[in-house]
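Participant:
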Amino acid sequence: MATIPDETVEAFRSIATASVADAVEQHGLRGFLAGSIRQVLPGRKLVGPAVTVQEVPSPEPAPPEHALQAIDESAPGSVVCIAAGGAEVAIWGGLMTAGAVANRIAGAVLDGGVRDVEEIRRDYPDFAVYARGAVPATTVGRYRTVFLNEPVEIGGAAVSPGDLIVADSDGVVCVPAHLVDKVLEAAQDIERREREQTALILESGSLRGGLEKYNRI
Ligand SMILES: O=C([O-])CC(=O)C(=O)O
Ligand SMILES: [Mg+2]
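Reminder that position 52 of the sequence shown reads as 54 in the working numbering, one-by-one numbering, no gaps.
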């Protein structure tokens, strides 16, 4: 898995996910995850390379082994992405967050729920969780993990290990690893154009007038 340079990760931190989503789509790909996978705690932007885990329904009372391994063994700055088909239970919680913080994992993106949100808010102010919602029920005895670091699908988007996750209060975008540099450049262009359009709108006092130059919103 090629590593993404720190400067690139840092550059994405100042770009809105809306621009990143548009930039990925310029390559004919869907980068955005379903809007129902949302920032659980306000203001916690998340940028980092994906590690992926798959969960499937199962009545076995087994711990989520591949998720525990991802938390303990992934590189600092990683984003743990758990595919679980929209599980209506918590596939992440306070103890998993403690492990993630101890191992300098940047955050989690969950196709399911999270619990212990008060504990995460209080004890881990820099840890970002994006999930379908909060739910008090455990995953144990309802789902089991089946693999680590293979391609998964989360919220309608393909996520492969090493892809760059960019998430903010608009939601989550997955940038395919081979497009990271091109998407960064395109997203920066989009932000420059939109800043210019904003100025033109405010100066002209007209939305349509301000959009004329580029003929697009
Ligand atoms: O048991 C779970 O479902 C996860 C959990 O609460 C934790 O990590 O604290
Ligand atoms: Mg717990």
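By construction, the Cβ of each residue, glycine as well, lies at the ideal position given by its N, Cα and C atoms. Given the structure is predicted, the values throughout are model-derived calculations rather than measurements.
To the nearest angstrom, how far is it from the Cα of S206 to the Cα of G212?
Facilitator: For S206 and G212, the distance between alpha carbons rounds to 6 Å.
Participant: Going by CA-CA distance only, name the one from R106, A100, S171 that's closest to A133.
Facilitator: The candidate whose alpha carbon is nearest that of A133 is S171.
Participant: Classify P7 as buried or exposed, calling it buried when 16 or more other Cβ atoms lie within 10 Å of its own Cβ.
Facilitator: Answer is exposed; the Cβ neighbour count stays below 16.
Participant: By DSSP, does R106 sit in helix, in strand, or in coil?
Facilitator: In the structure shown, R106 sits in coil (DSSP, three-state: anything other than H, G, I, E or B).
Participant: Using a Cβ-Cβ cut-off of 8 Å (strictly less than) and excluding sequence neighbours within five positions of V91, which residues of its own chain qualify?
Facilitator: Cβ within range, chain order: G114, G115, V137, A139, T140, T141, R144, Y145.
Participant: Go ahead and pull the three-state DSSP assignment for R40.
Facilitator: Correct three-state label for R40: strand.
Participant: In chain order, what are the residue ranges of uninterrupted alpha helix (DSSP H) at least 4 long that sit wholly in the region 11–76?
Facilitator: Runs of the alpha helix (DSSP H) inside the region 11–76: 19–27, 67–75.
Participant: What's the call for I219, buried or exposed, on a 16-neighbour Cβ count within 10 Å?
Facilitator: I219 is exposed by the Cβ-count criterion.
Participant: Given the structure, does G95 come close to ligand 1, in the sense that its CB is under 8 Å from one of the ligand's heavy atoms?
Facilitator: Yes.
Participant: Could you give the distance in angstroms between the alpha-carbon of P44 and the alpha-carbon of P178?
Facilitator: Each residue's alpha carbon lies about 26 Å from the other.
Participant: Just to check, is the beta-carbon of V91 closer than 8 Å to a non-hydrogen atom of ligand 1?
Facilitator: Checking every heavy atom of ligand 1 against the Cβ of V91, one is found closer than 8 Å.
Participant: So for R134, helix, strand or coil by DSSP?
Facilitator: Coil.
Participant: My understanding is that L252 touches Q71, with C-beta atoms under 8 Å, so please give their C-beta distance in whole angstroms.
Facilitator: With the chain covering only 3 through 219, there is no way to say anything about residue 252.
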